[in-house]
Every structure is written in C-alpha cells, then in structure tokens.
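Student: Under numbering that gives the first Met the number 0, residues 0 to 260 are what the sequence shown spells out, in order.
C-beta: ideal position from N, C-alpha, C; glycine also.
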Amino acid sequence: MSKFLMSFKSSAILVACCTSALAADRTAFEIVEAPRGVVVSRSKAVIGSELVARIAKIPFKDGERFKAGDTLLEFDCRRYAAELAAARAEEQAMMLGVKENRELRRHKAVGLNELEISEAKLAQAKAQAMALEIRMSQCVIAAPFSGRIVEKVVNEFEIPRANEPLLRIVDDRNLEIELIVPSKWLSWLRNGDSFMFDLDETRKMYKARIRTINAEVDPVSQTIRVKGEFKELPEDVLPGMSGTALFEKMSSLADGQKSNG
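1. Based on Cα-Cα distance, which residue from A86, M135, P164 lies nearest to I45?
2. Spatial neighbours of M240 within its chain, please: C-beta separation below 6 Å, excluding the five flanking residues on both sides.
3. Measure the C-alpha to C-alpha separation of A55 and E175 and round it to an integer number of angstroms.
4. What are the partner residues of E266, as DSSP defines its beta bridges?
5. From T222, V169, Q127, pick the residue whose C-alpha is nearest to that of I179; which is it?
6. Please classify K107: does DSSP put it in a helix, a strand, or coil?
7. Quick one: Cα of K120 to Cα of T211, how far?
8. Kindly indicate if chain B contains any beta-carbon less than 7 Å away from that of I116.
9. If we ignore side chains and look at the alpha-carbon of each, how far apart do S123 and M93 end up?
10. Looking at C-beta atoms only, is the number of pairs between the region 47-64 and the region 129-145 that lie closer than 8 Å three or more?
11. Taking only three categories from DSSP, how would you classify G96?
12. Using the three-state DSSP reduction, which class does R189 fall into: helix, strand or coil?
13. Where does K240 sit, in a helix, a strand or coil, going by DSSP?
14. My guess is that A33 and A214 are in contact by the Cβ rule of under 8 Å, so how many angstroms apart are they, rounded?
15. What's the call for A142, buried or exposed, on a 16-neighbour Cβ count within 10 Å?
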C-alpha cells in the first residue's frame, strides 16, 4: 500500500512539474504579445467588361482551378461582329474613293478640298473599324494568371451592365502573410528573419520568413505592417486564413521583461 502511495505521489509531482513548465512557456509568449496575421494572395482580381452583350459561356464554376490564358468568360458578340464587317466594308469603299480622287487630282479633274475630305472620311472609317476590333477583342476574357474562381457574380445568358463585376478570381498558390507588429521591433526585426506561423484553421505550424517591412510607422498605434512568405508552399492553406506569428526573439524579450519585473 505504501509503495502505491509513493508511486502516486511521484506521478503527481511529475504532472505538476510539467504543468508548471508549460504554463511558464505560455507566460513567456503572453508577456510579449504575439502578432496576429492573415494569409493573402499576391494576385487577385475582380473581372469586369465594358461590353454590353449576352454571356454565352462561363466554363468554370466557383472553386474550380484554371490556368493562365484559359477562357473565363465569353460573350455572344455576333452583333459586334456584324458591325465590324460593315465598318471594314465602309473603310474599303472610302479607300477606293481616295484612290480615285488622287488619280483625278493628278489630272486636275478634282479639287484639293474634295480629295482632303475623302481622305478624312477614310481616316474616320479606319478609326471606327479599329474601335470595333478592340471591342471584339473583349468578347473573350482570358485568365491573367493561374488560380481559382472565388465567385461567379453573373450567369450564362444574362446581359450585365458595362463595368459590372462578372467574376472574382484569386491565385491561391502565390501567398503571403500580412502582419502588424510593434514598431519597437524595428530594433531587431529584419528582412529574412524566420518565424513560425500558427494557423487557426488548420491548427498547424508553418515555417515562414519576413519578406518586406513597410516604409512607414503608424504613429497612433505605434505599429508597422510587415509581410512574410512561407518557406515551403503549403497545400492546405487558403487566402483569408489567419493565425499567430511566433518569433524566436519573442521568448528572449519575454524573459527580459520577467526578470525586470
């Protein structure tokens, strides 16, 4: 019986010691508050268009992955195509008129003013055709980068207004971490410094490093914005996730504050 009591007491002492050590470890980081951060994409966009036309096709759905250059949205541009064909025909007719007037001008059979008017009309027809060519080039919206569809704002067969948002896209493989840290950390924080990023959503720790430090301190909050990057691209991290940044320097700062206290 006495052996059992001694064993129980020893176990209790061991648990108490471990608990005290864990509490002390947590206290070290509580004294120097760990900064919060959010994962953001370096490339994201809200896709819109100046065209007013019926949407013919949206190949990708919310959450689906696409590659740079893939068609994200296609308009029904048959009306614009017909207008462009008419403009090109008008340009051709004006070109023939100018050619004829120049030949007549050589024989003084037409006045200079009439020739210049025909040349001006040709320039106008060319500009009109060029404007329609630019419009036709907007009939297919290609992906500017590889990524995923965040949201389809419109649907096929709808006719959105000009410059209305159509799609929201994001590059979920080109990520960075935005942090706001105390400005007094500038005495030791440098580009390239390593830290661990503890993500709330995945409950995992990721190795990261400081990439850039902002050029201006917020005088009211006495903080500065910094950006970090993952040392290895994680497969399970998405833009918008948030977590806590833990720097090795923080534990020594905490120890110093405790000893001063």
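Tutor: Walking through what the data contain:
1. Indexing the sequence shown from 1 puts residue 45 at position 46. Reading the sequence as shown, one finds Val at residue 45 and not Ile. For V45, the nearest C-alpha among the options comes from P164.
2. In the sequence shown, counting from the first residue as 1, residue 240 sits at position 241. For M240, where only same-chain residues beyond five positions count, the Cβ hits under 6 Å are V38, L198, E200.
3. Reading the sequence shown from its first residue, position 56 is the one you call residue 55. Reading the sequence shown from its first residue, position 176 is the one you call residue 175. Approximately 36 Å between the Cα atoms of the pair.
4. Shown here, the chain extends from 0 to 260; a query on residue 266 therefore has no answer.
5. Here residue 179 refers to the residue found at position 180 when the sequence shown is read from its first residue. When only C-alpha atoms are compared, the closest one is T222.
6. Within the sequence shown, the letter at position 108 stands for residue 107. Correct three-state label for K107: coil.
7. If you number the sequence shown from 1, residue 120 lands on position 121. If you number the sequence shown from 1, residue 211 lands on position 212. Looking at the two C-alpha atoms, the distance is approximately 56 Å.
8. This model lacks chain B altogether, as it is built from one protein chain only.
9. In the sequence shown, the residue the question calls residue 123 occupies position 124. In the sequence shown, the residue the question calls residue 93 occupies position 94. The residue you asked about is not Ser; residue 123 is Gln in the sequence shown. Using only the alpha carbons, I get a separation of about 9 Å.
10. yes
11. Position 97 of the sequence shown holds residue 96. G96: helix per DSSP, three-state reduction.
12. For this step, residue 189 is matched to residue 190 along the sequence shown. In the structure shown, R189 sits in coil (DSSP, three-state: anything other than H, G, I, E or B).
13. Taking the first residue of the sequence shown as position 1, residue 240 is located at position 241. It should be noted that the sequence gives Met, not Lys, for residue 240. In this structure, M240 counts as coil in the three-state DSSP scheme.
14. Here residue 33 corresponds to residue number 34 of the sequence shown, with the count starting at 1. Here residue 214 corresponds to residue number 215 of the sequence shown, with the count starting at 1. Not quite, the Cβ-Cβ distance comes to about 24 Å (not below 8 Å), so this is no contact.
15. Residue numbering aside, residue 142 sits at position 143 when the sequence shown is read from its first letter. So A142 counts as buried.
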